[in-house]
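Single-structure report; data block below.
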Amino acid sequence: MSSTNRTVVVTGIGATTPLGGDSASTWEGLLAGRSGVRPLEGERYVGLPVRIAAVAAVDPGDVLPRPLARRLDRSAQFALIAAREAWADAGYTAKAGEDTAVDPDRLGTVIASGIGGVTTLLDQYDVLKERGERRVSPHTVPMLMPNSPSANVSLEVGARAGVHTPVSACASGAEAIGYAVEMIRTGRADVVVAGGTEAAIHPLPIAAFANMMAMSKNNDEPTKASRPYDTARDGFVLGEGAGVVVLESAEHAAARGARAYCEVLGQGLSSDAHHIAQPEPTGRGIAKAMENLLDNTDLKPSEVMHLNAHATSTPQGDVAEVKALRRVLGDDLDHVAVSATKSMTGHLLGGAGGIETVATVLALYHRVAPPTINVDDLDTEVDADIVRDTPRALPTGTIAAINNSFGFGGHNVVLALRTV
Amino acid sequence: MAATLEEIVDGLAEIVNEIAGIPVEDVQLDKSFTDDLDVDSLSMVEVVVAAEERFDVKIPDDDVKNLKTVGDAADYIAKHQAA
Chain L
1 MSSTNRTVVV TGIGATTPLG GDSASTWEGL LAGRSGVRPL EGERYVGLPV RIAAVAAVDP
61 GDVLPRPLAR RLDRSAQFAL IAAREAWADA GYTAKAGEDT AVDPDRLGTV IASGIGGVTT
121 LLDQYDVLKE RGERRVSPHT VPMLMPNSPS ANVSLEVGAR AGVHTPVSAC ASGAEAIGYA
181 VEMIRTGRAD VVVAGGTEAA IHPLPIAAFA NMMAMSKNND EPTKASRPYD TARDGFVLGE
241 GAGVVVLESA EHAAARGARA YCEVLGQGLS SDAHHIAQPE PTGRGIAKAM ENLLDNTDLK
301 PSEVMHLNAH ATSTPQGDVA EVKALRRVLG DDLDHVAVSA TKSMTGHLLG GAGGIETVAT
361 VLALYHRVAP PTINVDDLDT EVDADIVRDT PRALPTGTIA AINNSFGFGG HNVVLALRTV
Chain Y
1001 MAATLEEIVD GLAEIVNEIA GIPVEDVQLD KSFTDDLDVD SLSMVEVVVA AEERFDVKIP
1061 DDDVKNLKTV GDAADYIAKH QAA
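Respectively, the protein sequence lines represent chains L and Y. Be aware that the first sequence starts at 1, since it is given in our numbering, and climbs by one per residue. Be aware that the second sequence starts at 1001, since it is given in our numbering, and climbs by one per residue.
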């Protein structure tokens, strides 16, 4: 079973996002160029400098039975919904063991979030202050711990090969998928359910991010607020939801006759050692991650036709990323259709790598790159071919795509996928 | 005025329904919280706290472990509730 060079394929996808309650409706929203950003209603948002967010299109409380939902943080609710979709999409009909096509001891989960069960923590602190210690929920710790989404998904699918939760702020979801690929490559597992989730729409995180001057304050035009690469971009818009994939060794997938959407070639990692929150302006760390990706995998720059950028709509970050792309890919960047889907979904922090991997999988599978919206006046420093406003067809033949995710702390995670 | 045993069982049924999603008619005196009603040790704490509030009774943690069935809990509450 053990091998260090096994091919890893994607056999299932699932998502619940600001654009839709599943991966199909999310994909439809992306292709239509729809913004998921809306005004935040309610008294608790009055007076905040930022009163917009990309709220999930389908509330998880409307999907999960109440007794289950009340013992899961919203981030774990999103993860469970996306994981159930991905698990069924991969063709599995029950948890591992009951479905004999997968051995529980060969199944893992790696689901990450950037800041874990933050709304549970804050809500229970309100309970403590207002109603006393006896009313604090006994479920608080299992709800707020950052590994809760991964652990709850492991209970759902019966995974016994390991439950993991890499934490790297906004790169967490991508790091989870990279970690899952390594689990399969190194022979620890045959199948891994992997992705990212986040649920941080609450006045405290919003006030905190806003005070970092990281968020768009375009409260008057919510659907225009997330505008990567546009000269008027003024920060990211917070989003919520989850994206999950089922990764599988090619042999395991073939043995059960499963459909493979695409191959995941592997990851490139690096760290900036520059500043706790500011991007390194020249893109040096990002370039290093991409160079490591090219060294670690058999990806050829000539076959890269699509890139789902990290591009969060911040003045510095968007440009630093493009500089790094140009430095590493050179003229090969000219044939890369670059999409910044955060223009529509907002920024899901640790969930971003999850939903953007789902988007990249579907872009390769359907051979179409989703658009970037709100680029009314392209920043002249953006020296790359941005797909604007409408989707673009991708070429036939073997093509590859890159999915970038970076996080506060200087984390750079770059994933490569290729058609099968 | 103290609640009758029947009122206590009805109240516990509503609490268990809220917490574990079990239909109220399935919450009977002989049912075990853990084995029959999907109430694990964490959810049992929620049941106890909700019952304390509803029936104006204190159920110390040391006594909770003796409350295996709905009947155990109803009897305990009937005996200890404020007059």
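Don't be surprised by glycine CBs; every beta carbon is placed ideally from N, CA and C.
Item: Should L:G268 go down as buried or exposed, given a rule of 16 or more other Cβ atoms within 10 Å for buried?; Value: buried
Item: Could you have a look at L:H139 and say whether DSSP puts it in helix, strand or coil?; Value: coil
Item: In the DSSP output, what is L:S16 paired with across the bridge?; Value: Going by the sequence as given, residue 16 of chain L is Thr instead of Ser. DSSP, once it has assigned bridges, lists L:A242 as partnering L:T16.
Item: Nearest to L:P39 by CA position, among L:A260, L:D332 and L:I201, is which residue?; Value: L:I201
Item: Is the number of C-beta pairs between the stretch 279-287 of chain L and the stretch 362-381 of chain L that are closer than 8 Å three or more?; Value: no
Item: Relative to chain L, which residues along the stretch 1015-1046 of chain Y have a C-beta separation below 7 Å, given in chain order?; Value: I1019, A1020, G1021, L1042, V1045 and E1046
Item: Provide the residue span of the alpha helix (DSSP H) that contains L:V382, from first to last.; Value: Element bounds for L:V382: n/a, residue is neither H nor E.
Item: For a cutoff of 7 Å on Cβ pairs, would you count L:H139 as touching chain Y?; Value: yes
Item: Give me the DSSP bridge partner(s) of L:S270.; Value: L:N412
Item: Who are the near neighbours of L:F406 in its chain, counting only those whose CB is closer than 6 Å to its CB and skipping five residues on each side?; Value: A171, H310 and N412
Item: Less than 7 Å between CB atoms is the rule here; does Y:V1057 satisfy it with respect to chain C?; Value: As a matter of chain content, chain C is missing from the structure shown, whose protein chains are L and Y.
Item: Could you compute how far the alpha carbon of L:L325 sits from the alpha carbon of L:H139?; Value: 45 Å
Item: Buried or exposed for L:M1, going by 16 or more other Cβ atoms inside 10 Å?; Value: Confidence is the limiting factor: at L:M1 the pLDDT is only 42, short of 50, which leaves the residue's position unreliable, though a coordinate-based value still follows. Answer is exposed; the Cβ neighbour count stays below 16.
Item: Please name the residue in L:G243, L:R227, L:A255 and L:L394 whose C-alpha comes closest to that of L:P315.; Value: L:R227
Item: Would you tell me roughly how many angstroms separate the C-alpha atoms of L:K224 and L:S35, rounded to the nearest one?; Value: 8 Å
Item: For a test of the three-state rule: what should DSSP assign to L:D422, helix, strand or coil?; Value: Given that chain L is displayed from residue 1 to residue 420, the structure contains no residue 422 of chain L and the question cannot be resolved.
Item: Closer than 8 Å by beta-carbon distance: list the chain Y residues that pair up with L:R135, in chain order.; Value: V1049
Item: Can you tell me where the beta strand (DSSP E) with L:T109 in it begins and where it stops?; Value: L107 to A112
Item: Under three-state DSSP, which class holds L:P222?; Value: helix
Item: Please look up how many angstroms separate the CB atoms of L:Y179 and L:I13, rounded, as I've assumed it's under 8 Å.; Value: Contact doesn't hold; Cβ gap of about 18 Å is too wide.
Item: Name the two residues that bound the continuous beta strand (DSSP E) containing L:I402.; Value: A400 to G407
Item: Quick check: what's the CA-CA separation for L:V55 versus L:E221?; Value: 15 Å
Item: Let's see if you can read the secondary structure: which residues bound the beta strand (DSSP E) around L:T197?; Value: V191 to E198
Item: Between which two residues does the alpha helix (DSSP H) harbouring Y:M1044 extend?; Value: S1041 to F1055
Item: With 8 Å as the limit, tell me which residues of the stretch 40-51 of chain L have their beta carbon closer than that to any beta carbon of chain Y; keep them in chain order.; Value: none
Item: In chain order, what are the residue ranges of uninterrupted alpha helix (DSSP H) at least 4 long that sit wholly in the stretch 251-307 of chain L?; Value: 284-296
Item: Look at the alpha carbon of L:K95 and the alpha carbon of L:S150, and state the distance between them as a whole number of angstroms.; Value: 15 Å
Item: Thinking L:A83 and L:V244 are a contact (beta carbons under 8 Å), I'd like their distance in whole angstroms, please.; Value: 5 Å
Item: By the three-class DSSP mapping on this structure, what secondary structure does L:S3 have?; Value: Confidence at L:S3 is low in this model, with a pLDDT of 49, below 50, so the placement of that residue is unreliable and no value is reported for it.
Item: Under the three-state reduction of DSSP, which class applies to L:L48: helix, strand or coil?; Value: coil
Item: Is the beta carbon of L:N219 sitting closer than 7 Å to the one on L:R51?; Value: yes
Item: Go ahead and label L:S3 buried or exposed: buried means 16 or more other beta carbons lie within 10 angstroms of its beta carbon, across all protein chains shown.; Value: Summary for L:S3: the model assigns pLDDT 49, below 50, so the residue's position carries little reliability; its value from the coordinates is reported in the next sentence. Label assigned to L:S3: exposed.
Item: Measuring CB atoms only, is the stretch 106-121 of chain L touching the stretch 195-209 of chain L, in the sense that at least three cross pairs come out at less than 8 Å?; Value: yes
Item: Could you give the DSSP three-state label for L:T11: helix, strand or coil?; Value: strand
Item: Considering only DSSP beta bridges, list what L:A393 is partnered with.; Value: L:V368
Item: Exposed or buried, which one is L:A174 when buried takes at least 16 other CB atoms within 10 Å?; Value: buried
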